[in-house]
Each structure stands twice: as structure tokens, then as C-alpha cells.
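Take the sequence shown: its letter number 411 is residue 411 in the UniProt record's numbering, and every next letter is one higher.
First comes the structure, then the notes that go with it.
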Amino acid sequence: MTPVSCTKMIATVSPLTDDEETLKGFITEGIRIFRINFSHGTTEEHAKTIANLRKVSKEMGVVITICLDTRGPELRIEIANTSEIPMKKGENVTFMNVRKPSGVFLGIEDFTEITPGSKIYLDDGMMGIEVIETTKNKCVGMVLNTHRLKNNKKVCFPGTVFKNSISIKKDKEDIQFGIENDIDIIFASFVNNKEEVEELRKWVHNKDIKIYSKIETLRGYHNIDEIIEASDGIVIARGDLCVELNYNEMFSAQKIISEKCLKANKPFICATQMLETMINNVKPSRAEITDIGNAVLDRCDGLMLSGETAVGEHPVLVVEHLRNIISNAERFYYEKARVNFKCPLIQPRSQNTCVIIRSSSEKAIDIIYRRQFVIPVFIVSDDEKFLRRVNLYRGLIPHLTKETSILYVINEIKDLHAFERIYYVEMNANHAVQRIEVF
Numbered sequence: 001m002t003p004v005s006c007t008k009m010i011a012t013v014s015p016l017t018d019d020e021e022t023l024k025g026f027i028t029e030g031i032r033i034f035r036i037n038f039s040h041g042t043t044e045e046h047a048k049t050i051a052n053l054r055k056v057s058k059e060m061g062v063v064i065t066i067c068l069d070t071r072g073p074e075l076r077i078e079i080a081n082t083s084e085i086p087m088k089k090g091e092n093v094t095f096m097n098v099r100k101p102s103g104v105f106l107g108i109e110d111f112t113e114i115t116p117g118s119k120i121y122l123d124d125g126m127m128g129i130e131v132i133e134t135t136k137n138k139c140v141g142m143v144l145n146t147h148r149l150k151n152n153k154k155v156c157f158p159g160t161v162f163k164n165s166i167s168i169k170k171d172k173e174d175i176q177f178g179i180e181n182d183i184d185i186i187f188a189s190f191v192n193n194k195e196e197v198e199e200l201r202k203w204v205h206n207k208d209i210k211i212y213s214k215i216e217t218l219r220g221y222h223n224i225d226e227i228i229e230a231s232d233g234i235v236i237a238r239g240d241l242c243v244e245l246n247y248n249e250m251f252s253a254q255k256i257i258s259e260k261c262l263k264a265n266k267p268f269i270c271a272t273q274m275l276e277t278m279i280n281n282v283k284p285s286r287a288e289i290t291d292i293g294n295a296v297l298d299r300c301d302g303l304m305l306s307g308e309t310a311v312g313e314h315p316v317l318v319v320e321h322l323r324n325i326i327s328n329a330e331r332f333y334y335e336k337a338r339v340n341f342k343c344p345l346i347q348p349r350s351q352n353t354c355v356i357i358r359s360s361s362e363k364a365i366d367i368i369y370r371r372q373f374v375i376p377v378f379i380v381s382d383d384e385k386f387l388r389r390v391n392l393y394r395g396l397i398p399h400l401t402k403e404t405s406i407l408y409v410i411n412e413i414k415d416l417h418a419f420e421r422i423y424y425v426e427m428n429a430n431h432a433v434q435r436i437e438v439f
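See the structure below:
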């Protein structure tokens, strides 16, 4: 029996985890959405990952969605001749904007844009540095806590926007690569306002590719309403956002963004450190379990795994744990939400129930999504590209078939997932409910 959850799981894949065996493991555990992080790797590696995903999904007969995560105007360090540097509290560290055989490179054109006394955070805030002095080509800071600084880690300057920090050329090249390789979703990094989303749409020139804006800066958080309106979806990127905000405000910020997305009927994804401890361990922490459960209760459309599935020691096991935690949370949510179910014509008596609708219409999907079903809704279509976009909506499960007999499709889904009761909903040309049958 194939596992079915309303809350979607997103796995980040890398050259370490894009082999066919691991990808089959991901799909078996219920992953249908895959993220490729273009902050790392080469186009050759990304092309191989996409080819492997297409091959494995076709062999297994499932519809998958491939997401391109742009680098955006992020800054990363480069350490010469070594993979990491042990840093001790109180030591000084020097950043340079010219690559040298020794030292830490940081691609900022003019370091005098950084104010002495301000803070720099690296590795998702795990290491802090206080700026002591700057020149045009050099920045010296004092290490605030002991940490092993690894190569290619992100650098965050809370509240600072550099004049030349937008990596437009690389993002355009990556997006063009994505278009040529038929990707489905763009996760746009470090979005600050609606104008950046509108500019990105001009680059894409393809209405089939959806744009999800990642909220990970203070400006993006303050402009959240206009960004939600301009975007197809939102990613709550808690790593950098937590560094830009006061750490104590991260909980309320996540709740506020979630509520705004729900009100606007825009899908949203919760990302960063969902199961971080499982990069090295075989069990999640108690805090991670309740974090995932709370995201499910907030009606998150998807939960994103990053390093856990990209570089972790137990990538498939991580997905198994995530699926089980989601399943437990959804059982609790079902009992809580059933009395307030927003579709009076369908009143499921048990969670082991689903809805089946045949449609290839974006407008119909929008109407169905607004109903906020608490049980899975299978969207039946012969249009694979359309179904790949459906994948990211909470509760909507794509089912690809060329079979014209709906009775055959109903029995196929019933047998595949062992549902006790199925509601078949027929919609008319205006996307209104025309007929409901119970099987």
C-alpha cells in the first residue's frame, strides 16, 4: 500500500543522494517533490540529478515535481586549501574580497559598507562575529563563539543590503537551465518585495512554471503581504530569517506568515532544520517531532528537508520518520477539524476516506484547494505537466491515467491505497459540483 498524506514532503537531492537506489527509497516512502539547490553543484551535476529523477519516477509510475532553488543574492565564504577552519571565541578572523592562497574570501565589493560594531552570522547563525574594522578590500572581526567554520557556508548581515549583492547573471543562467530541463517550480531566494517577483516572472516567460518566494530577510518579512499576492506560493526559510529577526521572534513570525498564506489561499512550505539532528543520528529529537506536528496543525502545504536528505547519513530513514510524524499529526488534526469541514456535501466518517475528481483545470484546482479538505483529494488527469503542478497543494494527490472509465480509476485508487469509502465528485464547465457518488 502506497502511503498517502495531505501534508507534502519535499526532499533536497544532491550528487550524494541522486543515485537510483536512494531515489527509489525516497519515492517508496512518499516523496513526490524534489528540490535541487543551485547554490551548490554544477549544471552537469544538476542535469544528471534531473535525468535520474525522470528515469526512476517513470519506472515507478509516479508523478514527481522538480523544484529549482535559486542562489539569489546570498553570500558564501570560500576557504582556500582546506575544507574547514576551527575558530575559537575571542580570536580574530579576516575576510578578503580577493582570492589568495590563504584566508577567507567573501565576495563583497566594498567592505566599508559594513559598520564596525555590527554582527556577522555564518552557518545559519551557528557562528557569530563582531566587526572590528573594515577597509575596501578587508574586514576584520572577533569570533563570538567557538565553532568549526566550513567552506561554502552562508554569511548573514542582518538588516544590511549591499549595492552589488544581487547575483542576477547566475540566477538567469540557472533559470534558463531549468526551463530547458522542464522544471516545475522556482524557489526564489531572498525575495524582498513584489517587484523582485514580477521581475523574475519576466525572466521565466513560462506561465506553467510556478514561483514560490522564500521569506528569509527582514525586508521580505515586512513586505510579506505584497509578496504573497505576487507569488504562487511561499517558503518560510527559517534559517536566514531567524538570523535576521530576533531569535525569540521566530515562532510568532512563522505563525503570522502561515496565517496570512491561509487567508490568501496561497500554498506555503516550512523549511530548515525539520529533522536536522538526523543528519548524523538515527532518531529525531523530541523538539523536532513537535515542530513537525505543529506545522501540520498550521495546515502547511509542505515540509522541506534540506541537509537531512542532501548530505545526511540516513536520507531514506529521515523521510520514513517524517512520514510517520506527519501521519500521527494528521490523525489528530482530522478528529479536531472534522466538525468544521468546509464541504457540507461530503462528510467523511473516517480518515480512511478520499475524494476523486477528474480535472485538468487550474481554476478547478484553485476552487478545490479553497475547500481545505481534511482527506486526500485525488486529481485524475491525463496531463502529466498539469499534475506536476498539483503536487505542491496540501491534500491534492495527482493520479495520471489515460483510462476513460472513471469506475476503473476509482477501483484502481481504492485497491492501491485501501480506502474504505470514496466520494467521486463531478464538476461542470463552470467548475461547480454537478454530481457526487459514494463508492
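Beta carbons are placed, not taken as given, at the ideal position from N, Cα and C, and that holds for glycine.
Computed from a prediction, not measured in an experiment: that's the story for all the values here.
K214 has V235 as its beta-bridge partners, per DSSP.
Boundaries cannot be given for V282, as no alpha helix (DSSP H) includes it and DSSP labels it neither H nor E. Only residues of its own chain outside the window of five on either side were considered, and among them C270 and L303 have a CB closer than 7 Å to the CB of A295, listed in chain order.
Ranking V438, F386, V311 and E384 by CA distance to the CA of H40 puts V311 first. Out of G125, A237, Q372 and I66, the CA that lies nearest to the CA of P158 is found in G125. Residue environment analysis places R389 among the buried positions, since at least 16 neighbouring C-beta atoms fall within 10 angstroms of its C-beta.
Counting C-beta pairs closer than 8 Å gives three or more between the region 423-437 and the region 353-360, which meets the contact rule. Beta-bridge partners assigned by DSSP to T134: C139.
By the beta-carbon neighbour count (other beta carbons within 10 angstroms, threshold 16), V377 is buried. Here Y369 is not near N246, since their CB atoms are 9 Å or more apart. Rounded to the nearest whole angstrom, the CA to CA distance from N324 to D301 is 16 Å.
Rounded to the nearest whole angstrom, the C-alpha separation of S359 and H147 is 53 Å. Rounded to the nearest whole angstrom, the C-alpha separation of V143 and L241 is 21 Å. Judged by beta-carbon spacing, C156 lies within the 9 Å limit of E244, meaning their Cβ atoms are closer than that value. Contact annotation: the region 170-187 touches the region 56-72, with at least three C-beta pairs closer than 8 Å. Residue ranges of uninterrupted alpha helix (DSSP H) with 4 or more members, entirely inside the region 259-316 and ordered along the chain, are 286-297 and 307-310. F111 carries a helical assignment under DSSP once its states are collapsed to helix, strand and coil.
Across the structure, L317 and E91 are spaced so that their CA atoms are roughly 39 Å apart.
Residue I33 holds the alpha-carbon nearest to the alpha-carbon of L305 among L16, E20, I33 and C6. In summary, E130 is exposed, with fewer than 16 beta-carbon neighbours lying within 10 Å of its beta-carbon over all protein chains present.
If the five residues before and after A237 are omitted, its C-beta is found closer than 7 Å to the C-beta atoms of K214, I215, E216, A271 and T272, all from its own chain and listed in chain order. Residue range K194 to V204 is occupied by the alpha helix (DSSP H) that includes L200.
Here the alpha carbons of G220 and E173 stand approximately 24 Å from one another.
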